[in-house]
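Enquirer: Before I ask anything, here is the structure I am working with.
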C-alpha cells in the first residue's frame, strides 16, 4: 500500500472517538441511561424556523438544491452581523463574517489559515478535546496553560505569559464560555489574553460556541479588544440545536476572512443550503429572542439542579459554571478509594449506575480527577435522579 | 497582522473563483443567457426522494437534527455499496465506503490523506480546475500529462510513464468520465494508468462524479484492477442533483477508508444529515433506476443536439463525449481572427451573444484554444438556439 501523509499519521484514535464510543455504548444500553455526556441540547429548533424550508421543499424549488456562494448566503452573513450587534457583541460587517459548515469546520478552517508544521499553539488546560488532535494534524506543538480549579478554572496569566514565544507561537486558543469548565472570562483575564498574544504577535482564536448561554453577568468580547488578531468561531449546533445539519461561522478582520474563505472553498466549496435556510429564518424572526431566553432559563434551572445535586455528594467539588452546558466536578477522593482514574470512574458509573459522563482526563492534566457532566440533555428531575444514583453508589464504597 | 499559513499563501484567486464570477455575471444578465457554463443539472431530485425528509421535519423528529456517525449513516454506507454492485461497479463492503460532505470534500479528504509538502501529483491536461489549486495548497508540484484532442483526448501513455517518479509521485488523479472533456477511459488506457501507478508505487484517485452518465458502452472500474491503490470519489451533486446539500462518498481499501475517515472527522465531524436522509431514500427506492435512465436519455439527446449544432460552425472541432455533461470544442481559427485567447472569446460570447461557456485555458495548455460547453442546464431547443447565435456571430467575423 502506498504512503499516507504525515498529517494522517499524526492522527490516531482521538478523544473524540472515545467519547463517541461512550455515547454509542450509552445508546445501546437503552433509554434508562442518564445522558450527562452529550455536548448538544436535546431540543429541536422551533417549528416556525423550519417552516419556510418545508414549504420550499414541497414546492420543489430548484433553488433550494443549488450551491450557495462559497462564503454563505449574503442575507445570512447580514443576519449574523446584525445578530452579533443585537447581542451587544462585535460590530462586524457582513464581509467580516464567513459562514462555514459547522463548529469542527470552523476550527479546521481557522487553524488551516494560520498554522504551519513546527509552530506552537497555546491552549488552556483543560481544553475541549477537539483542539489537540487538530493541532497535531497540522504538525504543531501544543503548549498547555494550567487553570485553577479552586478559582473557577481561572486562567493562570503568569503561566500564559511564560509559555508564548515570538516567532513560534502562532495562536492562542480560548473557549469562552468554556467547554469543559463553563468558565466565562472576566475583564482582567480577557485583557491578559490579548496583551500576551500581542507580545508574541500571535493570533487569538476564541471559540464562542456557547456565546448565547451565559447565565449571570455579561461576556467579554475579545474581538473588540483587538480586531486585528482576534478571530471568533461559532456553531449553530447548540443554538438553535441543529448539530447534524452542520452550520457555523467565523468572524474576524476582512483580510482574515478573505484568506479563510479560500480554505473553506477548498475543503467544502460552500456550506450546506438546508441549514442556511433554516438559520436565516431563525435569526431574522422576532420570536428568536424569546426562544433563546426560554432556552437560557431552562438550562439555568438544569445547571442549578446539577450543581446542587453534585454538592450533596460528600467531598465532591463541583464548580458552578457561569456559561455553557457543563459542570466539571472533582471526584479525587473516590478515585483513590476505587483505585482508578477518571476514565475508569466514568466507565464504572455507566456500567453500574447507568450514568454517562466524560472523563476529565480527556481534557487535560488539571482535570484528571474530574468528570464533565452536561446538563443540556436531561430534564431537571432526571438530573436529580441521575446524580442521586451516583451518590448512592459512591456512598457504599 | 500575524502570519498566515504557507498553504493559504499558495492559494490565490483560483479558476473556481473566476468561473463563479462568470456565472454571477450570467445571473445578473438575466433569464436570456444560455447557460452552457454550469457544471450541475438544472433538475431537482425526484419528489418521492424528498418526501420522507419533509415528513420527519413536519413531525419534529429530533433525530433529523442530530449528528450522524462520522463516516455516515450505516444504512447509507450499505445502500451505496449495494448501488455500486447494481451498476456492475466495485464490490465493496460498507466499511470500504466513507460518506463525505460533497465532491470538494471528497477531493480534499482523499488528498489530505496522502499528500505531503514537496511531493508530486500527476494529472491529465486538461484537468478539472478544482485539482491544481488543491494540490498547490498541500505544497505539492503538479505534473501534467498531455492528451490528444484529435483522438477524443486519449491519454498519452508514453508521456504518463515518463512523468511518474518513484519516491516523488504520490498520486495520479484521473477524472472518469472526464470533466472537462467527457472522455471515458477505455480498457487499455485504464490498464496503463494502473501499471504506471504500480511502477511508482503511487495512489490512483479516480474522480467518478459522472459515473452514472455514460451514454455508449461501459465504464472501466480502476478499483477492480488494483483495490490496494485505487480510491474512488463520488458526489451526489449531479445525480440526484443536490449540489448545495453537500454529499458524496469515497470508496477504497479498508485501511485507506479508516485513515481518510480521521481527516473527514477533523474537517467536518460528520456529513450533513438532510442530504443523507434524502440520498438514502433515493438509492433504496426502486424508482431510482428509471429516474437515472430517464436522466441519461435526456442528457444524451442534449449532448447530440450540442455536438451537432457545434459541428455546423465552420472549422470548429467538437469532440463527442461518451460520458459526463460537457463538450470540449476547438475555436482556434476564431481566436486568431479575433486576436484573443479562450478567456477573451468566452467573455465576448457572453457579452455579445448572451452565451455562457468556460474557457479551455482554465483546464490546461492542451485546451487553450477550446471552450467547454455544458449541455446539462438547458433543454435541446435552447441548446440549438444558443449555439446558432454563436455561429451567426462567428460567421460575421
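Residue numbers (my numbering), protein chains in the order written: chain A, 11 to 407; chain B, 11 to 407. Glycine included, C-beta positions come from ideal geometry on N, C-alpha and C. The model shown is predicted, which means the values in this text are computed figures rather than measured ones.
I'd like the list of long-range same chain contacts for residue 262 of chain A, defined as Cβ closer than 6 Å, with 5 residues on each side in sequence excluded.
Expert: 241
Enquirer: For residue 293 of chain A, I'd like the list of residues in its chain whose CB is within less than 6 Å of its CB, leaving aside the five on either flank, ordered along the chain.
Expert: Excluding sequence neighbours, residue 293 of chain A sits near 89 and 93.
Enquirer: Counting only Cβ-Cβ distances shorter than 8 Å, please list the residues of the region 61-84 of chain A near chain B, keeping chain order.
Expert: Under the 8 Å Cβ criterion, the region 61-84 of chain A contributes 63, 64, 67, 68, 70, 71, 72, 74, 75, 76, 77, 78, 79 and 80.
Enquirer: Mind checking the region 111-138 of chain B against chain A and listing, in chain order, the residues whose C-beta falls within less than 9 Å of any C-beta there?
Expert: 111, 112, 113, 114, 115, 117, 118, 119, 121, 122, 123, 124, 125, 126, 127 and 129
Enquirer: By a C-beta neighbour count over all protein chains shown, 10 Å radius and 16 as the cutoff for buried, is residue 42 of chain B buried or exposed?
Expert: Exposed: under 16 other Cβ atoms inside 10 Å.
Enquirer: Here's a check: name, in chain order, each residue in its chain whose Cβ is nearer than 6 Å to the Cβ of residue 171 of chain A, leaving out the five neighbours to either side.
Expert: 206
Enquirer: Output the distance between the C-alpha atoms of residue 200 of chain A and residue 335 of chain A, rounded to the nearest integer angstrom.
Expert: 21 Å
Enquirer: So for residue 314 of chain B, helix, strand or coil by DSSP?
Expert: helix
Enquirer: With a threshold of 7 Å on Cβ separation, who are the neighbours of residue 112 of chain B within its own chain once the five nearest residues in sequence on each side are excluded?
Expert: 245, 247, 256, 257 and 258
Enquirer: Reducing DSSP to helix, strand and coil, say where residue 294 of chain A ends up.
Expert: Of the three classes helix, strand and coil, the one that applies to residue 294 of chain A here is helix, per DSSP.
Enquirer: From this set, B:220, B:98 and B:178, which residue's C-alpha is nearest residue 211 of chain B's C-alpha?
Expert: B:178
Enquirer: Taking beta-carbon pairs under 7 Å, can you tell me which members of the region 142-162 of chain B lie near chain A?
Expert: Under the 7 Å Cβ criterion, the region 142-162 of chain B contributes 143, 144 and 147.
Enquirer: Going by DSSP in three states, residue 225 of chain B sits in which element: helix, strand or coil?
Expert: coil
Enquirer: Tell me whether residue 333 of chain A sits in a helix, a strand or coil according to DSSP, three-state version.
Expert: strand
Enquirer: Alpha carbon to alpha carbon, what distance is there between residue 233 of chain A and residue 100 of chain A?
Expert: 7 Å
Enquirer: Examine the Cβ distances between the region 179-190 of chain B and the region 131-150 of chain B and report whether three or more of them are shorter than 8 Å.
Expert: yes
Enquirer: Would you please verify whether the beta carbon of residue 289 of chain A is less than 8 Å from any beta carbon of chain B?
Expert: no
Enquirer: Which two residues bound the contiguous beta strand (DSSP E) that contains residue 217 of chain A?
Expert: Under the DSSP assignment, residue 217 of chain A falls in the beta strand (DSSP E) whose first and last residues are 213-217.
Enquirer: With which residues is residue 69 of chain A paired in a DSSP beta bridge?
Expert: Answer is none; residue 69 of chain A lacks a bridge partner.
Enquirer: Check whether the region 145-159 of chain A and the region 281-295 of chain A are in contact - that is, three or more C-beta pairs closer than 8 Å.
Expert: Touching, no.
Enquirer: Show which residues of chain A have a CB atom less than 8 Å away from the CB atom of residue 238 of chain B.
Expert: 11
Enquirer: Select from the region 211-244 of chain A all residues with a C-beta closer than 8 Å to any C-beta belonging to chain B, and list them in chain order.
Expert: Of all residues in the region 211-244 of chain A, those with a C-beta nearer than 8 Å to a C-beta of chain B are 211, 212, 213, 238 and 239, reading in chain order.
Enquirer: Examine the Cβ distances between the region 322-329 of chain A and the region 110-125 of chain A and report whether three or more of them are shorter than 8 Å.
Expert: no
Enquirer: Would residue 309 of chain B and residue 223 of chain B be called neighbours here (beta carbons separated by less than 8 Å)?
Expert: yes
Enquirer: With DSSP collapsed to three states, give me the class of residue 344 of chain A.
Expert: helix
Enquirer: Does the Cβ of residue 39 of chain B have 16 or more other Cβ atoms within 10 Å, making it buried, or fewer, making it exposed?
Expert: In summary, residue 39 of chain B is exposed, with fewer than 16 beta-carbon neighbours lying within 10 Å of its beta-carbon over all protein chains present.
Enquirer: Against residue 354 of chain B, what residues of chain A qualify as contacts under a CB-to-CB distance less than 9 Å, listed in chain order?
Expert: None at all; the shortest Cβ gap to chain A is about 26 Å.
Enquirer: Within 10 angstroms of the Cβ of residue 349 of chain A, are there 16 or more other Cβ atoms? Answer buried if so, exposed if not.
Expert: exposed
Enquirer: Taking the C-alpha atoms as reference points, what is the distance between residue 360 of chain A and residue 383 of chain A?
Expert: 13 Å
Enquirer: Just to confirm before moving on: does the CB-CB distance between residue 78 of chain A and residue 251 of chain B stay below 8 Å?
Expert: no
Enquirer: Going along chain A in order, which residues have a C-beta closer than 8 Å to the C-beta of residue 265 of chain B?
Expert: For residue 265 of chain B, the C-beta contacts it makes with chain A under 8 Å involve 11, in order along the chain.
Enquirer: Using DSSP with H/G/I as helix, E/B as strand and the rest coil, what is residue 258 of chain B?
Expert: DSSP, reduced to helix, strand and coil, places residue 258 of chain B within a strand of the structure shown.
Enquirer: Give the DSSP-derived three-state secondary structure of residue 186 of chain A in the structure shown.
Expert: coil
Enquirer: In chain order, what residues of the same chain have a beta carbon less than 6 Å from the beta carbon of residue 149 of chain B, not counting five sequence neighbours either side?
Expert: Within the same chain, residue 149 of chain B has close Cβ partners 127.
Enquirer: Taking just the CA atoms, how far does residue 339 of chain A sit from residue 318 of chain A?
Expert: 12 Å
Enquirer: Do you know how far the Cα of residue 11 of chain B is from the Cα of residue 280 of chain A?
Expert: 27 Å
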